[in-house]
Amino acid sequence: MSLAWCGGWGRDTIGAVDPRSLIKTRLAQEIGTLHKDAAEPVALVYPSPYHVGMSSLGFQTIYREINARPGRSAARAFLPDSIEDHLRTRTPLLTYEAQRPVGDYPVVALSVAYEIELAGVIQTLELSGIPALAQDRSDRHPFVLCGGPLTNSNPLPLAPFADAILMGEADQSVHAVLDIVFAARNRQDALTTLAREVPACFVPSIHGQELPHIGQADDELLPAWAPIRTPNTELSDMFLLEAERGCSRGCQYCVMRRSTNGGMRILPMERILARIPADAGKVGLVGAAVSDHPKIVEIVDTLASQGRKVSLSSLRPDRLSDAFIAALKKGGARAITTALDASSQRLRDRIDRKAKESHFLRIAERVKVHGLHHLKVYMMVGLPDETDADIDELIGFATELSKIHPLALGVSPFVAKRNTPLDGTAFAGIELVEDRLDRLRRGLQGRVELRATSARWAWVEYVLAQGSLAEGRAVLDAVRGGGKFSAYRRAFEALPNTRARRTLRVVA
565 MSLAWCGGWG RDTIGAVDPR SLIKTRLAQE IGTLHKDAAE PVALVYPSPY
615 HVGMSSLGFQ TIYREINARP GRSAARAFLP DSIEDHLRTR TPLLTYEAQR
665 PVGDYPVVAL SVAYEIELAG VIQTLELSGI PALAQDRSDR HPFVLCGGPL
715 TNSNPLPLAP FADAILMGEA DQSVHAVLDI VFAARNRQDA LTTLAREVPA
765 CFVPSIHGQE LPHIGQADDE LLPAWAPIRT PNTELSDMFL LEAERGCSRG
815 CQYCVMRRST NGGMRILPME RILARIPADA GKVGLVGAAV SDHPKIVEIV
865 DTLASQGRKV SLSSLRPDRL SDAFIAALKK GGARAITTAL DASSQRLRDR
915 IDRKAKESHF LRIAERVKVH GLHHLKVYMM VGLPDETDAD IDELIGFATE
965 LSKIHPLALG VSPFVAKRNT PLDGTAFAGI ELVEDRLDRL RRGLQGRVEL
1015 RATSARWAWV EYVLAQGSLA EGRAVLDAVR GGGKFSAYRR AFEALPNTRA
1065 RRTLRVVA
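First residue of the sequence shown? That's 565 in the working numbering, and the numbers climb one at a time after it.
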């Protein structure tokens, strides 16, 4: 978030935004904030800025769960929008509800979504006066507990910074972990007990690099739902809840494929609708495969008929029937967003992606008929065995779609993840990915809006996704070296014979 966006809120004499004033302003605009004093307080931290963290259903669910436990409370904190303002104003990282320094809490819990957020983990800890590395902490420091979506794949690079890591779904297991931590005589007692008694808890100082199984919450706890609505997020003033959890599909690149945590768990339509507050004007249905819910069209149509705006986190192209698109338009949709994933049908078949060109042609026609502004399609480049011919096929097909209705194409370099069939697949290479993107731009020649994520940062993500403790420690050097791509490259170059070292040849 830029300083210009923050306007004149709480600026001091040297022009920096006063963090305390910004917190007060945001709290005043929230609905559903949980204020609670308790004997066992937890600082719940999202290592990205507020507008990102408050769009996380998982983060808000853990916040609600901790506060629901008698005698225990959770107060939120976020990576500052401007770390410089915190340094200029000499303000420690503060929790929102209590405006208490994060470093003063006995437990600091961090929700980590993906690999690049490791930098935010380090920054939030150091802003809180907590040693970034677990090995440098003593009993006078907070106990640092980590969890979040990253734990479904590869949390090893996170391990140097965590006293313990809760794997997978923490809706239920977070209570068992906090019970042990607050009851422990000291840090070592907590670590030993956690490793022995909580099956889904990874304790790096005891387990080394041997990961426990991924935890799964009881179905009775579903759906997850967010207690707070705020205008200061990407999902402005939206009430977030699950329509399902997991996925029944087998896409080979995806961490949340059907083999993860028992596949897809569908929630009854009645339970979903009953959870939505009467005053919620916007509803966000969240899940890895929301559009696969057997009653999703009825759910969207019902909410739209109640005068609510409806948004879904995932739309599978083979599920986007005319009735579905009509319901989404009725619920306030101005565009349809779905995923092509691979540049050719050959590659889509290879990665078990069930999307066909016929699905997208039909969607483009129906989007036009229903008067939506445009069609957004996400995809990847750099998949195994991809050639220029695959990119040319994409150029031809995207051009065909754009003749039916305006098309926006979002392109990301493929990054192989642990806990997937494509685990271990080599990164295509920064130069190769950039060449493919240039080929796309030249071939589409402005007919299609093209937005691409950085090939360089995708390589950093790849090194961490496939990495271990050494790569995690290298992030600390990169952050302290300025946090730019060149700092990451230097930090990875300094490693011994690790995967990061062996992939340096892909750096342009």
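Backbone N, C-alpha and C define an ideal beta-carbon position, used for all residues, glycine too.
Identity of the residue in the options nearest residue i by Cα
i       : options                          : result
Ile647  : Arg664, Tyr614, Arg640           : Tyr614
Asp999  : Tyr678, Gly946, Ala844           : Gly946
Gly814  : Val1043, Pro719, Leu986, Ser637  : Leu986
Cys811  : Leu879, Ala980, Arg1005, Gln1030 : Leu879
Lys894  : Ala972, Ala990, Val861, Asn983   : Val861
Met828  : Glu808, Ala838, Arg839           : Glu808
Ala1029 : His705, Ala723, Pro1060, Glu834  : Ala723
Asp703  : Ala838, Gly935, Ile729, Asp753   : Asp753
Val1012 : Gly993, Arg1020, Leu973, Lys859  : Leu973
Gly1051 : Glu1057, Ala1042, Ala1058        : The identity of residue 1051 in the sequence shown is Ala, whereas the question assumes Gly. The candidate whose alpha carbon is nearest that of Ala1051 is Ala1042.
Ala1034 : Asp783, Ile836, Phe1056, Ser1018 : Phe1056
Leu1075 : Leu867, Asp954, Lys859           : Coverage of the chain is limited to positions 565 through 1072, which leaves residue 1075 absent and any answer about it impossible.
Exposure label - residue i; buried when at least 16 CB within 10 Å
i       : result
Ile578  : Confidence is the limiting factor: at Ile578 the pLDDT is only 44, short of 50, which leaves the residue's position unreliable and the question unanswerable from this model.
Val933  : exposed
Ser619  : buried
Asp727  : buried
Gln624  : buried
His599  : exposed
Leu1001 : buried
Leu775  : buried
Arg1044 : exposed
Asp913  : exposed
Gly572  : Any answer about Gly572 is weak, because its pLDDT of 30 lies below 50 and its placement is not dependable; what the coordinates show is given next. When all chains shown are included, Gly572 counts as exposed.
Asn750  : exposed
Lys981  : buried
Thr951  : exposed
Glu681  : buried
Gln663  : exposed
Asp576  : Here Asp576 scores only 40 on pLDDT, less than 50, and its place in the model should not be relied on; the value that follows carries that caveat. Exposed, because fewer than 16 other Cβ atoms sit within 10 Å of the Cβ of Asp576.
Glu995  : exposed
Trp569  : Note that Trp569 has pLDDT 25, beneath the 50 cutoff, so the model's placement of it is unreliable and the number below is only indicative. Answer is exposed; the Cβ neighbour count stays below 16.
Ser869  : exposed
Ala1058 : exposed
Beta-carbon spacing of residue i, residue j below 8 Å
i       : j      : result
Leu958  : Ser907 : yes
His938  : Ala899 : yes
Gly596  : Ile792 : yes
Leu849  : Leu805 : yes
Ala1022 : Val975 : no
Val666  : Leu674 : no
Arg584  : Leu658 : yes
Pro670  : Phe725 : no
Met802  : Val847 : yes
Glu679  : Leu714 : yes
Pro611  : Thr688 : yes
Pro977  : Ala992 : yes
Ser1032 : Pro721 : yes
Ser877  : Gly851 : yes
Glu594  : Thr794 : yes
Unbroken alpha helix (DSSP H) run spanning residue i, endpoints
i       : result
Leu1008 : 994 to 1008
Ala891  : 886 to 894
Asp956  : 952 to 968
Thr653  : Counting along the chain, Thr653 falls outside any alpha helix (DSSP H), and DSSP gives it neither H nor E.
Gly622  : 621 to 632
Thr903  : Correcting the residue identity first, residue 903 is Ala in this sequence and not Thr. Unbroken run through Ala903 is the beta strand (DSSP E), 899 to 905; no alpha helix (DSSP H).
Ile587  : 583 to 593
Ser875  : Note, Ser875: premise wrong, no alpha helix (DSSP H); beta strand (DSSP E) at 873 to 876.
Ala1051 : 1049 to 1057
His923  : 921 to 933
Gly684  : 682 to 691
Gly617  : 614 to 617
Residue interval of the beta strand (DSSP E) (run including residue i)
i       : result
Tyr610  : 604 to 610
His938  : 938 to 945
Lys981  : From DSSP, Lys981 is part of no beta strand (DSSP E); its letter is neither H nor E.
Leu709  : 707 to 711
Val671  : 671 to 675
Arg640  : 636 to 642
Ala1019 : Run containing Ala1019: none in the beta strand (DSSP E); it sits in the alpha helix (DSSP H), 1019 to 1029.
Leu849  : 846 to 850
Ile729  : 728 to 730
Glu1035 : Here Glu1035 belongs to no beta strand (DSSP E); instead the alpha helix (DSSP H) covers 1033 to 1044.
Arg1015 : 1013 to 1016
The ligand PLP heavy atom lying under 7 Å from the CB of residue i
i      : result
Gln736 : The ligand PLP is absent from the structure shown, which contains no ligands of any kind.
Test: residue i CB closer than 8 Å to a CB of chain D
i      : result
Glu661 : Checking the listed chains, one finds no chain D in this structure; it contains a single protein chain.
Whole alpha helix (DSSP H) elements within the segment 773 to 843, 4-residue minimum: For the segment 773 to 843, whole alpha helix (DSSP H) runs of length 4 or above, ordered along the chain, are 833 to 839.
Report the residue ranges of all beta strand (DSSP E) runs contained in full by the segment 718 to 774; include only those spanning at least 3 residues, in chain order. Counting only runs of at least 3 residues, the segment 718 to 774 fully encloses the following beta strand (DSSP E) elements, listed from N- to C-terminal order: 728 to 730.
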